[in-house]
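When you read off a place in the sequence shown, starting at 1, and then add 18, the result is the number in my numbering.
Worksheet: one structure, shown below.
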Amino acid sequence: MGFKHGALAAAAADGNVQLLRQAGAKVGAVDPVAALQRIDCNPPGIAENAKEMADASQQVTEAREALPARHRHRGQELGRRGVRRLPGERVRVGRRLRQDHRPAAETAAAGAHISAGLHQLATSSANQAHSIAAKAAPSSQLVLRGPGDPGGGNDPERRAQYAQAEEEVRASCQASERVVQRNVQQIPPLGDSIPE
Numbered sequence: 019m020g021f022k023h024g025a026l027a028a029a030a031a032d033g034n035v036q037l038l039r040q041a042g043a044k045v046g047a048v049d050p051v052a053a054l055q056r057i058d059c060n061p062p063g064i065a066e067n068a069k070e071m072a073d074a075s076q077q078v079t080e081a082r083e084a085l086p087a088r089h090r091h092r093g094q095e096l097g098r099r100g101v102r103r104l105p106g107e108r109v110r111v112g113r114r115l116r117q118d119h120r121p122a123a124e125t126a127a128a129g130a131h132i133s134a135g136l137h138q139l140a141t142s143s144a145n146q147a148h149s150i151a152a153k154a155a156p157s158s159q160l161v162l163r164g165p166g167d168p169g170g171g172n173d174p175e176r177r178a179q180y181a182q183a184e185e186e187v188r189a190s191c192q193a194s195e196r197v198v199q200r201n202v203q204q205i206p207p208l209g210d211s212i213p214e
């Protein structure tokens with residue numbers, strides 16, 4: 019399972035997360051690594067697209083600002099009759115450039131906002147997965163060893179500890195999934211900044 023986001027990749031490869039994953043599989047719990055996959059994203063790719071959009075928007079701005087100078091030069095070439103026609107043409111072209119510029123600039127800003135938001139959500143999910151798995155590590159180890167350690171056999175106390183460890187592993191796997199679900203629910207509002 020490859021991850022695009024570095025923090026999620028690190029969390030998925032973390033020893034405690036892998037331990038929890040294996041113990042979870044043994045007790046039939048949800049896979050914490052599969053849960054992380056649901057929030058995987060590529061904020062740098064989105065940021066690069068937003069930068070390209072911002073660069074294009076800047077080019078439109080520069081073209082709009084250069085427009086009056088071009089028209090002055092062109093008006094001198096056309097003579098008096100051309101000068102009278104140029105202001106209307108300049109207004110039309112300038113209006114069009116403003117109309118083209120605004121959505122591009124807004125989309126670029128929205129892309130940067132979305133990229134930052136996704137990065138924060140993915141990083142938060144990864145950090146919480148690390149924390150949850152670290153707390154559950156002793157229980158994960160016990161579940162993977164099994165209830166019947168040599169010499170322990172059918173000891174009721176060991177069986178109770180094992181049952182408690184199984185429950186903690188299940189709860190930890192579910193907690194990892196809930197963290198991701200909560201963060202995934204925060205993604206759609208990030209898109210509200212995209213202009214229509």
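Where is the CB? At the ideal position from N, CA and C, for every residue including glycine.
Would you mind reading off the limits of the alpha helix (DSSP H) that contains residue i?
| i | result |
| --- | --- |
| I57 | Per DSSP, I57 belongs to no alpha helix (DSSP H) and is neither H nor E. |
| N34 | 33-45 |
| P165 | Careful: P165 lies outside any alpha helix (DSSP H) and carries neither H nor E. |
| Q204 | First-last for Q204: undefined, no H or E at that position. |
Throw me the rounded Cβ distance for the residue i and residue j pair, which I believe falls under 8 Å.
| i | j | result |
| --- | --- | --- |
| S133 | I64 | 4 Å |
| V197 | S143 | 6 Å |
| F21 | D73 | Not really, about 29 Å apart at Cβ, beyond 8 Å. |
| A193 | L160 | Rounded, the Cβ-Cβ distance is 18 Å, inconsistent with contact. |
| K44 | L162 | 7 Å |
| S158 | L26 | That belief does not hold up - the Cβ atoms of S158 and L26 are roughly 20 Å apart, past 8 Å. |
Relative to the C-alpha of residue i, which candidate in the options has its C-alpha closest?
| i | options | result |
| --- | --- | --- |
| Q77 | A123, G42, S142, V197 | A123 |
| Q219 | L139, Q182, E214, Q179 | Coverage of the chain is limited to positions 19 through 214, which leaves residue 219 absent and any answer about it impossible. |
| G46 | K153, A189, T79, A28 | A189 |
| A154 | G24, A81, N145, E185 | E185 |
| A28 | A81, H148, Q179 | H148 |
Whose C-beta lies closer than 7 Å to the C-beta of residue i among residues of the same chain, with five residues either side of it excluded?
| i | result |
| --- | --- |
| A68 | A126, G129, A130, S133 |
| A53 | S194, E195, V198 |
| V51 | M19, A30, V35, R39 |
| A152 | N34 |
| Q146 | V197 |
| S75 | H119, A122, A123, A126 |
| N201 | I57, L139, S142, S143 |
Report all residues from its chain with a CB closer than 6 Å to the CB of residue i; omit the five preceding and five following residues, and keep chain order.
| i | result |
| --- | --- |
| R177 | P165 |
| P61 | S133, L136, H137 |
| T141 | A25 |
With a threshold of 16 other CB atoms inside 10 Å of the CB of residue i, please say whether the residue is buried or exposed.
| i | result |
| --- | --- |
| E70 | exposed |
| I150 | buried |
| R56 | exposed |
| A84 | exposed |
Which residues in the same chain as residue i place their Cβ atom closer than 8 Å to its Cβ, once the five residues preceding and following it in sequence are excluded?
| i | result |
| --- | --- |
| V48 | G42, C191, Q192, S194, E195 |
| P121 | P213 |
| D32 | A147, H148, A151 |
Is any non-hydrogen atom of the ligand NAP found closer than 6 Å to the C-beta of residue i, if you look at the structure I gave you?
| i | result |
| --- | --- |
| P50 | This structure lacks the ligand NAP; in fact it carries no ligand of any kind. |
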